[in-house]
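Asks:
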Amino acid sequence: MGARRRATWVSYLTLGAALVVVELALPDGLARDSLYTLVAGSAAVAIVVGVRMHRPRQRTAWYLMAAGIACWAVGDGLWALFAHVLLIEPFPSVADAAYLLGYPLLAAGMLQLSVSRRRHRDLAPLLDAFIVATGVGLVLYVVFIEPGWGESQGELLHQAVAVAYPLGDVILLTQLVHLGASVVIRTWSLRMLGAAFVLVLVADILFQAMAFAPELESQIAFIDPLWLVAYVLWGAAALHPSMARAMVVEGAHERAFTPGRLWFLATAIVLLPVTILVEAMLGLPLHSTAVSVAGIIMIALVLTRMIGLVRRMRDQARRLAQLADTDFLTGLDNRRHLGERLADRLDGRVQTAPGPTVLAVGIEGFAEINETLGHRVGDELLRSVAARLRDLAEQDVAVARLGGDVFGLLLPAGRPAGEVLVLAHDLRAHLVEPMTVDALTLTIEVAVGVVIADAEHDDADHMLHRADVALATARELPGRVAVHDAAMDEGVLLAPALMAELRAALEAGDLVVHFQPQVEIGTGRVFGAEALVRWQHPTHGLLPPMAFIPAAERTGLIRQLTMHVLDRSLAQCARWRGEGRPLSVSVNLSVRNLLDPHLVDDVRAALDRHGLDPSVLELELTETMAMVDPVRSGEVLGALDDLGVTLSIDDYGTGYGSLAYLQRLPVRRLKIDRSFVTGVLDDPASAAIVRSTIDLARQLGLSVVAEGVEDDATLLHLRDMDCFAAQGFGIGRPMPEAAVGRLIDDIDARLPGLLDVRPLIPTPVPGD
Ligand code: C2E
Ligand code: MG
Ligand code: MG
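Next comes the structure, spelled out in structure tokens:
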């Protein structure tokens, strides 16, 4: 098919070229002019064939051009008939009528090709075409039209026809420039089409010039082939395989006002003064009126063009400003813009009222949702949350996306703290309602950090930072809502600059591990310790894990961090064993660790390095972590269990996991979250949860560790509930390596007595 089309095109071009040569060789006469007419007619036929073959979108355009060329072919035929058969040379004649009809048809065809199908039509190409046409038109007027009108005085039809030709050329030129300025995709078909028009215009102008310079008349033999070649090019353009694409007219709107185009337009404008200048220099009568009229038209066109340009620039500036303020994913304001609004409100605030308030709303586990369900679902989720926030927010509340999975609400000044808290809880309640995202029903957990501008020293940046801090705290609380207070600033969240230091700190060994003893309630003795990482920062002091673990998770440093903690913990464990203490050690894992295919090998290698049995190591994970990617994490957990490591669920009760679900994981231990343990004495609900968890765990063969035991009374209560083990400030705080040994000794000495444990081997009690 393609080959056949190619063959048609090539044959037409070859045959056309051959005919041009033959025509040139033939003497002036009927044969020569008949051949001429034949070539012209073939071009019209070739266009019809081309349209049938290539089925372009803008068929009308091509048919109009075919009709225009057919008119010219008829004109050529009539001319031959008059000149060689009837032997008359009438002017004007029917041949002229046919020729003149050809011009508007050809111009209409080009116009069709140039017109964009877009909704927003760009007038710039047309204006450019008119600017060029005015310049060239003026020259044609001065050189041909006006003298033509003047010379054949008296005979109106004669005058009109003489003038119509240069006018037709101006129209063709206008459309040619219009086409050139509109069409973005330049194909070979289009190039040939353009070349044909250029040839026609050149030939026309030379031909008209002949009327005024009789010495040129003998040169007609040189002009004739120009039209002939144009016919062949027209036919070839329509048959060329690229013709169907030649009409793709696109995005002229977006195109720049290129320097080339500017030069082109400037040249057209310069034609005005040049005309006067040339006339003055040659001592010819000056066409001042014509030049002035052309000048006025030109100024109007250029002005319109400039207004369009200015308007477009203004639109672009507005769009850019809007883009700079908008979060592209959700269409909400971005952090920068919310910061600006906040700064405005802080400036205009009356000092006494409660200041403006910022709520930072964070989605929990968003990274996991992204990783497991894909970014498309993640993006969709963010958009759904944005839509809900927008619906919930009152008129005077600005909603923004502060970044990642965090949204921000800016409340006007004058809202009492109590009211703000109610709002925060309402927001949470609405956002945790199940939402349909990409045909999935998702239930998310969100946390809300609240910060109310304080009277003395709040600037917008500081306030947004404090909102992040409050959010980080809220994420740790069972109620998931926190109002910022000064104590939180002590390292809950660090400025982004500090995050960059984390890698260096890891390498320099500035991350230290503290150990918190774990006590078996039945014996009152320490059986192990939990490793808790801290950052010994040179200027900020000892930073808690929450200040840098989230960043380490985001930046991927968490793998290195976990391995560092594991290594230090196993080293410590080996030392204890060397001192005759048969203790185990627990290390906390992050979500990312569970998705890391090297984790199992890394753990095995670390144990080997320290010559330890896997049974001395406990790895803690949170409920939600195991649910992130159940298949992948299931494999990793299975392999760790096979290795002989004890797996436990940390912060049990704060996630969404059910015991039945957890039972399917190779988990051996549950650590009940501190928030339930703290309330065991006073809050019946907490007590019930702890009690039922212990009972259920026993039935499932899991042991339970109570976290956050802050006093002896709680410990005793847990003993009565038959809890297996406990850890907490009331038993012993996390201590550096060097101090933990003494702490363990102290606990071992104190607790058996407190818990009323009868020692298996009676130990001498001091003072007994
Ligand atoms: P976690 O694993 O639940 O660790 C217990 C946290 O509760 C520790 O906080 C500990 O100091 C604190 N704690 C212990 N007993 C009490 C108590 O009686 N009262 C109160 N109020 N708090 C108590 P820390 O060290 O700030 O660690 C916070 C969390 O950071 C840990 O919670 C753990 O999830 C994470 N973390 C700590 N070290 C690491 C680590 O090496 N890797 C990873 N991935 N996470 C770590
Ligand atoms: Mg833990
Ligand atoms: Mg915990």
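Position one of the sequence shown corresponds to residue 318 (the working numbering), numbered consecutively onward. For each residue, glycine too, the CB sits at the ideal point set by N, CA and C.
(1) Cβ of residue 852 within 8 Å of Cβ of residue 832?
(2) Less than 8 Å between the C-beta atoms of residue 375 and residue 341, yes or no?
(3) Rounded to whole angstroms, what is the Cα-Cα separation between residue 1052 and residue 847?
(4) Taking only heavy atoms of ligand 2 into account, decide whether any of them is closer than 7 Å to the Cβ of residue 651.
(5) Any idea what DSSP makes of residue 901, helix, strand or coil?
(6) Report the three-state DSSP secondary structure of residue 571 (helix, strand or coil).
(7) If you draw a straight line from the C-alpha of residue 861 to the C-alpha of residue 905, how long is it?
(8) The beta strand (DSSP E) with residue 828 in it runs from where to where?
(9) Should residue 905 be listed as close to ligand 2, given that the test is whether its C-beta is under 7 Å from any heavy atom?
(10) Which two residues bound the contiguous alpha helix (DSSP H) that contains residue 362?
(11) Between residue 956 and residue 849, what straight-line distance do the alpha-carbon atoms span, to the nearest angstrom?
(12) Helix, strand or coil, according to DSSP, for residue 329 in the structure here?
(13) Quick check: the segment 713 to 729 against the segment 791 to 805, are there 3 or more CB pairs under 8 Å?
(14) For residue 728 versus residue 643, is the C-beta distance shorter than 8 Å?
(15) Measuring CA to CA, which of 522, 546, 370 is closest to residue 358?
(16) Kindly indicate which three-state DSSP category residue 542 falls into: helix, strand or coil?
(17) Cα-Cα, which of 457, 408, 451 is closest to residue 475?
(18) Around the Cβ of residue 590, are there at least 16 other Cβ atoms within 10 angstroms (buried) or fewer (exposed)?
(19) Under the rule that 16 or more other beta-carbon atoms within 10 Å means buried, what is residue 785, buried or exposed?
(20) Would the segment 1021 to 1036 and the segment 1054 to 1064 be scored as touching if the rule is three or more Cβ pairs under 8 Å?
(21) Verify whether the separation of the beta carbon atoms of residue 551 and residue 510 is less than 8 Å.
(22) Evaluate residue 686 with the Cβ neighbour count: other Cβ atoms within 10 Å of its Cβ, from every protein chain shown; 16 or more gives buried, anything less gives exposed.
(23) With distances taken from CA atoms, which of 606, 605, 918 is nearest residue 959?
(24) Check whether the Cβ atoms of residue 647 and residue 444 lie closer than 8 Å to each other.
(25) Provide the residue span of the alpha helix (DSSP H) that contains residue 842, from first to last.
(26) Quick check: the segment 346 to 364 against the segment 382 to 394, are at least 3 beta-carbon pairs closer than 8 Å?
(27) Could you have a look at residue 733 and say whether DSSP puts it in helix, strand or coil?
(28) Leaving aside the five residues before and after residue 457 along the sequence, list all residues of the same chain whose C-beta is less than 7 Å from its C-beta, in chain order.
(29) Roughly how many angstroms separate the alpha carbons of residue 516 and residue 490, rounded to a whole number?
(30) Should the segment 448 to 456 be regarded as contacting the segment 607 to 626, the criterion being three or more beta carbon pairs within less than 8 Å?
(31) Between the alpha carbons of residue 869 and residue 682, how many angstroms are there, rounded?
(32) Residue 996 to residue 641, Cα distance in whole Å?
(33) Just verifying my parser: in three-state terms, what is the DSSP assignment at residue 673?
(34) Would you kindly work out how many angstroms separate the C-alpha atoms of residue 323 and residue 414, rounded to a whole number?
(35) Using a 10 Å radius around the Cβ and a threshold of 16 neighbouring Cβ atoms, would you call residue 616 buried or exposed?
(36) Am I right that residue 492 and residue 428 are in contact with their C-beta atoms under 8 Å? What's the rounded C-beta distance?
Replies: The relevant details are as follows:
(1) no
(2) no
(3) 10 Å
(4) no
(5) strand
(6) Only weak support exists for where residue 571 lies, its pLDDT of 48 falling under 50; the value from the coordinates is given anyway. Helix, per DSSP.
(7) 14 Å
(8) 828 to 837
(9) yes
(10) 347 to 371
(11) 24 Å
(12) helix
(13) no
(14) no
(15) 546
(16) helix
(17) 408
(18) exposed
(19) buried
(20) no
(21) yes
(22) buried
(23) 918
(24) no
(25) Residue 842 -> not in any alpha helix (DSSP H); beta strand (DSSP E) instead, spanning 842 to 854.
(26) yes
(27) coil
(28) 483, 486, 487
(29) 11 Å
(30) yes
(31) 15 Å
(32) 49 Å
(33) coil
(34) 36 Å
(35) exposed
(36) 6 Å
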